[in-house]
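Using the UniProt record's numbering, you'd call the opening residue of the sequence shown number 1 and step up by one each time.
Backbone N, C-alpha and C define an ideal beta-carbon position, used for all residues, glycine too.
Here the structure is a predicted model, which means the values were calculated and not measured.
Everything on this sheet refers to the single structure shown next.
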Amino acid sequence: MEEIKKEKFEQIKNAVLRWSVFFAALIAIFIVIQLSAAFIFPKLYGAPKVKLPVFSAEEILQDPQARMIYLAPRVRGVHFSVYKIQPKDNLWKLAGKYGYSVHTIIGCNPQLTTYNVNTNQKILIPSAGGSLHPVRKGDSWEKIAEKYDIETDVLKFENYGVSSFTEGDFIFIPGRKPAIDLMNESMQEKYSLRSLFVSPLGGRLSSVFGKRKHPVTGKVSLHGGIDIAVKSGTWVGAAADGVVILASYDAGHYGTAVFIDHQNGYITHYGHLSSINVRVGQRVKAHQLIGKSGATGRVTGPHLHFTVKKGNTSIDPLKFLW
Numbered sequence: 001m002e003e004i005k006k007e008k009f010e011q012i013k014n015a016v017l018r019w020s021v022f023f024a025a026l027i028a029i030f031i032v033i034q035l036s037a038a039f040i041f042p043k044l045y046g047a048p049k050v051k052l053p054v055f056s057a058e059e060i061l062q063d064p065q066a067r068m069i070y071l072a073p074r075v076r077g078v079h080f081s082v083y084k085i086q087p088k089d090n091l092w093k094l095a096g097k098y099g100y101s102v103h104t105i106i107g108c109n110p111q112l113t114t115y116n117v118n119t120n121q122k123i124l125i126p127s128a129g130g131s132l133h134p135v136r137k138g139d140s141w142e143k144i145a146e147k148y149d150i151e152t153d154v155l156k157f158e159n160y161g162v163s164s165f166t167e168g169d170f171i172f173i174p175g176r177k178p179a180i181d182l183m184n185e186s187m188q189e190k191y192s193l194r195s196l197f198v199s200p201l202g203g204r205l206s207s208v209f210g211k212r213k214h215p216v217t218g219k220v221s222l223h224g225g226i227d228i229a230v231k232s233g234t235w236v237g238a239a240a241d242g243v244v245i246l247a248s249y250d251a252g253h254y255g256t257a258v259f260i261d262h263q264n265g266y267i268t269h270y271g272h273l274s275s276i277n278v279r280v281g282q283r284v285k286a287h288q289l290i291g292k293s294g295a296t297g298r299v300t301g302p303h304l305h306f307t308v309k310k311g312n313t314s315i316d317p318l319k320f321l322w
């Protein structure tokens, strides 16, 4: 008799447990359905509809803050932030900090008309390299993709929040430089200069173009080029195609130097070399080895002095070099 009672008790207990699990599952399913419906049909559940801010084409073009908000729901995987320029900042320094070229910062800031930036000025900083394409009349996904040599599907994928676009909109082009012909006139002019020359070598700028107190003579005078601090023996390349018009181991304060005529009105000087690898009259190509850096002439340490001249006028090399 006791065994029968125990058996019935177990049956009742198991039945209660099963029904408890069943009802718990029903409640859970009901909650999931309710939550899903609240997201899918927010109006039925009193949830406020999210409204994205609307900006004019001029605001998007000129205001980094408006551009950041505008781009956030449109571009996949790239975070945009507004950065306030600090003392001693420059575009190259900022680009290096984020691991991409200066072209990205320029390409994402169409409001810029110069490479110089001022303290407290605001610029847009993307988390990944690329540039913004300003949509023109007649543009299509295919035309934009062809212009930047990128796959149409990649462009659409990256700009996942863009279903259609009109003139004045912006499309993010991942990993590409800005299109020079779509820049404002001031930046077009500056970019065209930078297509003329490449940097003769990489290194730290130890002295820039302009008036300065000479480190050897102590006199204040115009420093007609830039000094790039590097170890002696670093390879120096031609900044552009041209013809060697001077290759001397006794070029006055330059010490050992090479001059190249680029036959478009421009001449470049490479001073304080330790050795020369070209001869007068030789035609050279951009990047071609012309000598090695050193500390010859009037110097306090090893570096390359690089000058750009047009006619008899020295021009700041940083107008040409990235």
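Between which two residues does the alpha helix (DSSP H) carrying residue i extend?
i	result
R194	E185 to R194
G107	V102 to G107
Y98	L91 to Y98
K147	W141 to K147
T152	T152 to E158
Going along the chain, which residues of its own chain have a beta-carbon closer than 8 Å to the beta-carbon of residue i, five neighbours each way excluded?
i	result
S232	S274, K292, S293, G294, A295 and P302
T119	I85, Q86, P87 and D89
F41	Note that F41 scores a pLDDT of 49, beneath 50, so its modelled location is shaky; the value from the coordinates is reported in the next line. Cβ within range, chain order: n/a, list empty.
M68	F80, S81, V82 and L124
Roughly how many angstroms lie between the CA atoms of residue i and residue j, to the nearest whole one?
i	j	result
A229	V236	12 Å
G202	K143	36 Å
D139	D181	15 Å
D169	P134	6 Å
E158	H262	42 Å
L71	R194	29 Å
E185	L246	37 Å
residue 325	L222	There is simply no residue 325 to check, as the chain begins at 1 and stops at 322 in what is shown.
I290	V208	22 Å
K309	K147	34 Å
By Cβ distance, which residues of its chain are closer than 7 Å to residue i, with the 5 residues on each side in sequence left out?
i	result
S127	V78 and H79
R136	E167
Y115	L91 and K190
Can you tell me where the beta strand (DSSP E) holding residue i begins and where it ends?
i	result
V245	Inspection of the sequence shows that residue 245 is occupied by Ile rather than by Val. Unbroken beta strand (DSSP E) run through I245: G242 to S248.
K84	F80 to K84
F172	F170 to P174
I125	K122 to P126
I267	Y266 to I276
I228	I226 to A229
L132	G130 to P134
A257	T256 to D261
I69	No beta strand (DSSP E) holds I69; the alpha helix (DSSP H) holding it covers P64 to L71.
Just to confirm, are residue i and residue j a CB contact at a threshold of 8 Å?
i	j	result
V82	Q65	yes
V278	A239	no
G265	G311	yes
G210	H269	no
V75	F165	no
H287	D227	no
P73	G130	no
Using a threshold of 7 Å, is the CB atom of residue i nearer than that to any non-hydrogen atom of the ligand FAD?
i	result
S101	This structure lacks the ligand FAD, and indeed carries no ligand of any kind.
Spatial neighbours of residue i within its chain, please: C-beta separation below 6 Å, excluding the five flanking residues on both sides.
i	result
V244	I260, V278, V280 and Q282
Three CB pairs or more closer than 8 Å across the segment 299 to 312 and the segment 280 to 290: Result no; under three Cβ-Cβ pairs closer than 8 Å.
Touch test, the segment 169 to 183 against the segment 100 to 109, Cβ-Cβ under 8 Å, three pairs minimum: Result yes; three or more Cβ-Cβ pairs closer than 8 Å.
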